[in-house]
Amino acid sequence: MESYYCVNSMYFEPKYRSGRIIATKIFLMLAILDDTYDNFATYEEAHALTEAIERMDVRALQELPDRMRNVYSVILNLYDEIEKETGKIGPTFGVQYAKAEFEQKRNHVASAVECCMKEYRVSEKEAVEFLWKEISNAWKDIVEEYCQKPTLLPSTDLTDRLLNLTRLINIFYDDGDCLINSHLLKDHLTSLFIDPVPL
Numbered sequence: 010m011e012s013y014y015c016v017n018s019m020y021f022e023p024k025y026r027s028g029r030i031i032a033t034k035i036f037l038m039l040a041i042l043d044d045t046y047d048n049f050a051t052y053e054e055a056h057a058l059t060e061a062i063e064r065m066d067v068r069a070l071q072e073l074p075d076r077m078r079n080v081y082s083v084i085l086n087l088y089d090e091i092e093k094e095t096g097k098i099g100p101t102f103g104v105q106y107a108k109a110e111f112e113q114k115r116n117h118v119a120s121a122v123e124c125c126m127k128e129y130r131v132s133e134k135e136a137v138e139f140l141w142k143e144i145s146n147a148w149k150d151i152v153e154e155y156c157q158k159p160t161l162l163p164s165t166d167l168t169d170r171l172l173n174l175t176r177l178i179n180i181f182y183d184d185g186d187c188l189i190n191s192h193l194l195k196d197h198l199t200s201l202f203i204d205p206v207p208l
């Protein structure tokens, strides 16, 4: 439900029906991957799955442990499904680029907290506080630029999506992690799907 809520918060207009379907499937796949890595895969299985995903090659399926084959098959099928669905709308350049991107080796990317700790030589707690302050200031800038000075940043499909994504992130992480603690989303889900504000 959280995945569907996320997507509807960003792409609620009827013309984005196909995009909502695809994005919901991607969110669900990410949730499955997150759970697989966190709760179900051994270190060796997780390592093998990561290598297969980085190669994004159907031949890697045979090299995976049995339990990881199902997860990897779902990923491969999702890419094919996205390519078919977007092919109905227009060219599918993005899927090819995404597949190619997976083939390149990637190293660990430091989190924002890790970067902040290293750059400013502060504790994790101080880094988190600093980042929350930065987020708050960025949100104020967005509101000022987008809402109070609409001529500086005209409304487009892209800017609307980015603003909606920013709103969504604010909802998901303002009072805790709603992906982990889905009960925190109850009121938002109710207001969007069960008891919406009449237009």
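Start counting at 1 in the sequence shown, then tack on 9, and there's your number in our numbering. We put the CB at the ideal spot given by N, CA and C, even for glycine.
- Message: I'd like to know if the stretch 135-152 and the stretch 172-183 are in contact, where contact means that at least 3 CB-CB pairs between them fall below 8 Å.
- Response: The stretch 135-152, when compared against the stretch 172-183, does touch it at the 8 Å Cβ threshold.
- Message: As a quick exercise: from Tyr25, Leu73, Gly28 and Leu201, pick the residue whose alpha carbon is nearest that of Ala61.
- Response: Taking the Cα of Ala61 as reference, the smallest distance to any Cα among Tyr25, Leu73, Gly28 and Leu201 is reached at Leu73.
- Query: Taking the alpha-carbon positions, what's the Asp47 to Leu208 distance?
  - Reply: Each residue's Cα considered, the two are about 42 Å apart.
- Query: How about Thr45 and Ser12: do their beta carbons lie closer than 8 Å?
  - Reply: Not a contact, by the Cβ cut-off of 8 Å.
- Coil, strand or helix - Ser200 by DSSP: Ser200: helix per DSSP, three-state reduction.
- Message: Quick check on DSSP: helix, strand or coil for Val152?
- Response: Helix at Val152.
- Message: Quick check: the Cα distance between Tyr20 and Arg170, rounded to an integer number of angstroms?
- Response: The straight-line gap from Cα to Cα measures roughly 7 Å.
- Inter-residue spacing [alpha-carbon to alpha-carbon] between Met38 and Lys149: Spanning the alpha carbons of Met38 and Lys149 requires a straight line of approximately 33 Å.
- Message: Report the CB separation of Ser27 from Ile98 in whole angstroms; it is logged as a contact under 8 Å.
- Response: Confirmed, about 6 Å.
- Task: Could you check the C-alpha separation between Arg76 and Thr59 for me, to the nearest Å?
- Result: For Arg76 and Thr59, the distance between alpha carbons rounds to 14 Å.
- Task: Alpha carbon to alpha carbon, how far is His197 from Ala57? Give it in angstroms, no decimals.
- Result: Approximately 38 Å, taken between the alpha carbons.
- Query: Is the beta carbon of Tyr81 sitting closer than 8 Å to the one on Leu70?
  - Reply: The criterion of a C-beta distance shorter than 8 Å is satisfied by Tyr81 and Leu70.
- Taking the continuous alpha helix (DSSP H) assigned at Leu174, which residues delimit it? For Leu174, the uninterrupted alpha helix (DSSP H) segment begins and ends at Asp166 to Tyr182.
- Task: Find the nearest neighbour of Phe49 within the set Asn79, Thr165 and Met10, judged by alpha-carbon distance.
- Result: Minimum Cα-Cα distance from Phe49 among the listed residues Asn79, Thr165 and Met10 corresponds to Asn79.
- Query: How would you label Cys125, buried or exposed, when you count the other beta carbons within 10 angstroms and need 16 or more for buried?
  - Reply: With 16 or more other CB atoms across the displayed protein chains lying within 10 angstroms of its CB, Cys125 is buried.
- Query: Once you ignore the five residues that flank Ser132 on each side, which residues in its own chain have a CB closer than 6 Å to its CB?
  - Reply: Result list for Ser132: empty, nothing under 6 Å.
- Query: Going straight from the alpha carbon of Asn17 to that of Arg29, what length do you get?
  - Reply: Whole-angstrom Cα-Cα distance: 7 Å.
- Query: So, helix, strand or coil for Tyr46, using DSSP?
  - Reply: The DSSP-derived three-state label of Tyr46 is helix.
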